[in-house]
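Inspection log for the structure reproduced underneath, given as structure tokens.
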Amino acid sequence: MQLARAFLIRLLTTLVTLFGVAVIVFFVIRVVPGNPIAMMLPPGASDADIARLKALYGFDKSIPQQFVIWLSGVLHGDFGTSITRRQPVLDLVLNRLPATIELAGMALIIATIIGGFLALTGTRLRGTKTEAAIDVGSGMALSIPDFLWGLLMILLFGVLWPVLDISGRVTPSLQLPFTTQFYLTESVLRLRFDLWRDIAGHMLMPALALAIPLSAIIGQLLKQSLKETMHLDYVTLARTKGYGENHVILREALRNAILPTLTLIGVQFTFLIGGTVIVERLFSYEGLGNMAIDAVINRDLPLIQGIVIVFALLFTLINLAVDMCYALLNPRLRHG
Amino acid sequence: MAEVTTDARGLVKRRLGLRLWLSGGWLLVLTLAAVFAPLLSPHDPLSQDLLGGRIPPMFFPGADPTYPLGTDSLGRDVLARLLYGGRIALIVALVAGLATCVIGSALGLIAGYFRGWPDMVISRLIDIWMAFPPVLFAILLIAVIGPGLTSIILAIVVIDWTRFARVVRAEAMAQGAMDYVASAQVAGRTRAGTMLAEILPNVLPTVVALLTLEMGIAVIVEAILSFVNLSISTDDPTWGGMISEGRTSVYQAWWVLVFPLVCLFLTVLSFSQLGEGLKDRFDPVLR
Chain A
33 MQLARAFLIR
43 LLTTLVTLFG
53 VAVIVFFVIR
63 VVPGNPIAMM
73 LPPGASDADI
83 ARLKALYGFD
93 KSIPQQFVIW
103 LSGVLHGDFG
113 TSITRRQPVL
123 DLVLNRLPAT
133 IELAGMALII
143 ATIIGGFLAL
153 TGTRLRGTKT
163 EAAIDVGSGM
173 ALSIPDFLWG
183 LLMILLFGVL
193 WPVLDISGRV
203 TPSLQLPFTT
213 QFYLTESVLR
223 LRFDLWRDIA
233 GHMLMPALAL
243 AIPLSAIIGQ
253 LLKQSLKETM
263 HLDYVTLART
273 KGYGENHVIL
283 REALRNAILP
293 TLTLIGVQFT
303 FLIGGTVIVE
313 RLFSYEGLGN
323 MAIDAVINRD
333 LPLIQGIVIV
343 FALLFTLINL
353 AVDMCYALLN
363 PRLRHG
Chain B
24 MAEVTTDARG
34 LVKRRLGLRL
44 WLSGGWLLVL
54 TLAAVFAPLL
64 SPHDPLSQDL
74 LGGRIPPMFF
84 PGADPTYPLG
94 TDSLGRDVLA
104 RLLYGGRIAL
114 IVALVAGLAT
124 CVIGSALGLI
134 AGYFRGWPDM
144 VISRLIDIWM
154 AFPPVLFAIL
164 LIAVIGPGLT
174 SIILAIVVID
184 WTRFARVVRA
194 EAMAQGAMDY
204 VASAQVAGRT
214 RAGTMLAEIL
224 PNVLPTVVAL
234 LTLEMGIAVI
244 VEAILSFVNL
254 SISTDDPTWG
264 GMISEGRTSV
274 YQAWWVLVFP
284 LVCLFLTVLS
294 FSQLGEGLKD
304 RFDPVLR
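So the protein lines, in turn, are chains A and B. End of the first sequence sits at 368 in our numbering; the numbers just go up one at a time, nothing left out. End of the second sequence sits at 310 in our numbering; the numbers just go up one at a time, nothing left out.
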């Protein structure tokens, strides 16, 4: 019962947050100098044309009026029409979102694997020079942001030892028989491993750039909580039963140590998605973030609004899901 | 077993010392280079020489000794641009870092110590801010307020104050529950007086460590913004602008990308290692 109440409160604050985001974005970009309408029309357009176009995009009304119209549209799934691309914003966003989700998902998987491996190795070899090296290495990996890792990788694997493609999502000359925008997933489902190789090859560098700092964070935290768990009585008991060190770490300690790490992964995952904006730009990857930067540069107000709202929705939903998982998984909170 | 852990800890401590020295050293060199940039630069950072474009750096075939780090595609001196770009990076780090620190910490202190409605408002604002992708937010702000050094600093303050507010709020809350705060109140201090005289000094070490980290972040944000061409003006030398240009001509002139990247890398690493080192110094457990 109490849990249900807590969920309800959490849900309400999430709605307040989303509304706040909508208000801020809407009003901030209304201050943008530079008239987007003027940029759409050919020189020599008549005043009547300008007025007609303004009315079409709703720019002739007052700003609070525009907000109410826009918000009620959003609640009905209508995000307006992009000024530069002349298409519904929702279609554009949904078309690009899968690319960003696949990139972020791949980065998350890579980060979890590397981070987990580092934590387990560090715990198994605790007190040795290897552990100290892992500590120093992850400390440095952590302090270099995704943007710099991306540039470093372009230099290493794009120029010095050119094994990977440094731009785009897929080689443009390839024919894609796909029906969805989830290229990587669909190539696996259709067993087109030739295409999978090309797509994964394009994604590997941006995904690694996003994954490296996160893997260091995961590794540090998991190692820390493993270390604490290793001193608990039930682990000592397993040891006295004669189980080897590997069994004790993997089968006994890991199960209890993993919970705090899971929460952290959730929060950090939103940071990672935020990082896709610049990393996509760096690798000319055709995702949502790259489109967002174009939209800002072109002053495409409806598109900017739509993209920011979708990002905010993604962030808050992930946080909500993490909180709920945590409450469900943690017995202490279940009865609290 | 016990001996091994003491050894490992000693090792970590020595590493920390070395790390602090190395990062402090690089930042000192950078500061001196930025201050004396006009004396050190062999050429003007803006002067173009279209016939002398893409001269490779020293020791490479075709190098010109007056351009030790080579020239970019417009024939501008890479070394001079690097030095002047360092100036902008350091100004942004200092001013944006300090401003973000003061505003964010003040809000965090108020929310964490006074609780009640100020905390409600500030916490809700933090939630809203956390739902924005920070890079997109910064780009949007620059598009709104227009490019320029002041805009960049303003954008960094606007997007990053939550970083301080979150941490300081939590610390102030923890400190506020302690006995010494209660006894200060009993001794007749006002609420605001307690906050400034008792709580603030106790959260200060954390704030200083965060500030160092924030300076590194500010340098990165400036580089990202000039990378998407929204920073100062396209002519003024910035590391991000050089990286952006170097990224497009990386196959013809790698040095235009490599040198600013190395500087950015070392600077960001130094700030964060310094911050981590300070955090460990202040951490009673490690000390």
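All C-beta atoms, glycine included, are put in the ideal place defined by N, C-alpha and C.
Scan the stretch 318-339 of chain A for residues whose Cβ lies nearer than 9 angstroms to a Cβ of chain B and list them as they occur along the chain.
-> When C-beta distances to chain B are compared with 9 angstroms, the residues of the stretch 318-339 of chain A below that value are G321, A324, I325, V328, I329, R331, I336, I339, in chain order.
Boundaries (first-last residue) of the alpha helix (DSSP H) holding K273 (chain A) | In the DSSP assignment, K273 (chain A) falls outside any alpha helix (DSSP H), carrying neither H nor E.
For the alpha helix (DSSP H) containing Y136 (chain B), list its first residue and its last residue.
-> Looking at the DSSP string, the run of the alpha helix (DSSP H) that includes Y136 (chain B) is 101-137.
Segment contact, 8 angstroms Cβ cut-off, at least three pairs: the stretch 190-210 of chain A with the stretch 312-321 of chain A | Segments in contact, yes.
Near A56 (chain B), which residues of its chain fall below 8 angstroms by C-beta distance, leaving aside the five closest residues on each side in sequence?
-> Around A56 (chain B), the same chain offers L63, L106, G109 as residues with beta carbons nearer than 8 angstroms, after the five sequence neighbours per side are excluded.
Touch test, the stretch 211-227 of chain A against the stretch 110-122 of chain A, Cβ-Cβ under 8 angstroms, three pairs minimum | Fewer than three beta-carbon pairs drawn from the stretch 211-227 of chain A and the stretch 110-122 of chain A are found closer than 8 angstroms, and the two stretches are therefore not classed as touching.
Name, going along the chain, the residues of the stretch 158-174 of chain A whose beta-carbon falls closer than 9 angstroms to a beta-carbon of chain B.
-> So the close ones are R158, G159, T160, K161, E163, A164, D167, V168, G171, M172, L174.
Quick one: Cα of I78 (chain B) to Cα of L102 (chain B), how far?
-> So the alpha carbons of these two residues sit roughly 12 angstroms apart.
Quick one: which residues of the stretch 176-205 of chain B get their C-beta closer than 8 angstroms to a C-beta of chain A? List them in chain order.
-> Against chain A - using a Cβ distance shorter than 8 angstroms - the stretch 176-205 of chain B contributes no residues.
T217 (chain B): buried (16+ other C-beta within 10 angstroms of its C-beta) or exposed?
-> Looking at its Cβ environment, which holds 16 or more other Cβ atoms inside 10 Å, T217 (chain B) is buried.
Nearest-angstrom beta carbon gap, I182 (chain B) and P157 (chain B) [assumed within contact, 8 angstroms] = Contact between P157 (chain B) and I182 (chain B) holds, since their C-beta atoms are separated by about 5 angstroms, short of 8 angstroms.
Determine whether the Cβ of E245 (chain B) lies closer than 8 angstroms to any Cβ atom of chain A.
-> So no, E245 (chain B) is outside the interface.
Spatial neighbours of A193 (chain B) within its chain, please: CB distance less than 7 angstroms, with the 5 preceding and 5 following residues excluded, ordered by chain position.
-> G135.
Can you grab the Cα-Cα spacing for the pair L333 (chain A) / V281 (chain B), in whole Å?
-> L333 (chain A) and V281 (chain B): Cα-Cα distance of roughly 36 angstroms.
Interface residues of the stretch 162-174 of chain B facing chain A [CB-CB below 9 angstroms] | Using a CB distance below 9 angstroms, the part of the stretch 162-174 of chain B facing chain A consists of I162, L163, L164, I165, A166, V167, I168, G169, ordered along the chain.
Backbone CA spacing between L309 (chain B) and L174 (chain A) [nearest angstrom] = The predicted model places L309 (chain B) with a pLDDT of 46, which falls under 50 and marks its position as unreliable, so this point remains unresolved.
Does any C-beta atom of chain E lie closer than 8 angstroms to the C-beta of T132 (chain A)?
-> Included in the structure are the protein chains A and B, with no chain E among them.
Nearest neighbour of I162 (chain B), chosen from A:C357, A:M185, A:I325 [CA to CA] | When each option's Cα is compared against that of I162 (chain B), the closest is A:I325.
With distances taken between CB atoms, is the gap from V267 (chain A) to E284 (chain A) smaller than 8 angstroms?
-> Taking 8 angstroms as the Cβ cut-off, V267 (chain A) and E284 (chain A) qualify as a contacting pair.
CA-CA distance, A25 (chain B) and G159 (chain A)?
-> In this prediction, A25 (chain B) scores a pLDDT of 39, lower than 50, which makes its location untrustworthy; the coordinate-derived value is nonetheless stated afterwards. Each residue's alpha carbon lies about 9 angstroms from the other.
Runs of alpha helix (DSSP H) wholly within the stretch 164-239 of chain A (minimum 4 residues, chain order) = Runs of the alpha helix (DSSP H) lying entirely within the stretch 164-239 of chain A, each at least 4 residues long, are 178-185, 215-221 in chain order.
Nearest-angstrom beta carbon gap, V53 (chain A) and I266 (chain B) [assumed within contact, 8 angstroms] = That pair is no contact at about 31 angstroms.
Three-way DSSP call (helix, strand, coil) for T144 (chain A) in this model = In this structure, T144 (chain A) counts as helix in the three-state DSSP scheme.
Please decide whether L107 (chain A) counts as near chain B, where near means a Cβ-Cβ distance under 8 angstroms.
-> Output row for L107 (chain A): interface = no.
Using a C-beta to C-beta distance shorter than 9 angstroms, which residues of chain B count as neighbours of V48 (chain A)?
-> Per Cβ cutoff of 9 angstroms: R147, D150, I151.
L248 (chain B) and I175 (chain B): beta carbons closer than 8 angstroms?
-> The answer is yes: Cβ separation under 8 angstroms.
Interface residues of chain B facing L183 (chain A) [CB-CB closer than 8 angstroms] | Within chain B, the residues I266, R270, L280, L284 have their CB atoms less than 8 angstroms from the CB of L183 (chain A), given in chain order.
Considering only the beta carbon of each residue, do L69 (chain B) and R99 (chain B) sit closer than 8 angstroms?
-> Between L69 (chain B) and R99 (chain B), the C-beta gap is smaller than 8 angstroms, which places the two residues in contact.
Proximity below 8 angstroms, CB of L264 (chain A) to CB of A143 (chain A) | No, the Cβ-Cβ distance between L264 (chain A) and A143 (chain A) is not below 8 angstroms.
Apart from the five residues on each side of it in sequence, which residues of its chain come closer than 6 angstroms, Cβ to Cβ, to S206 (chain B)?
-> Hits under 6 angstroms: none found.
Taking all protein chains shown into account, do 16 or more other C-beta atoms lie within 10 angstroms of the C-beta of T290 (chain B), making it buried, or fewer, making it exposed?
-> Label assigned to T290 (chain B): buried.
Min CB distance T348 (chain A) to chain B below 8 angstroms | Answer yes: the Cβ-Cβ gap between T348 (chain A) and chain B drops below 8 angstroms somewhere.
Proximity test, Cβ basis, 8 angstroms: L92 (chain B) and chain A | In terms of beta-carbon proximity, L92 (chain B) stays away from the interface with chain A, with every pair separated by 8 angstroms or more.
In terms of DSSP beta bridges, what is P120 (chain A) paired with?
-> Note: P120 (chain A) sits in a beta bridge opposite A:T113.
Chain B partners of A143 (chain A), CB-CB under 8 angstroms?
-> Near A143 (chain A) there are no residues of chain B at all, since even the closest Cβ is about 18 angstroms away, more than 8 angstroms.
Closer than 7 angstroms at the beta carbon, the chain B residues around R313 (chain A) = Annotation: Cβ neighbours of R313 (chain A) in chain B (cutoff 7 angstroms, chain order): V251.
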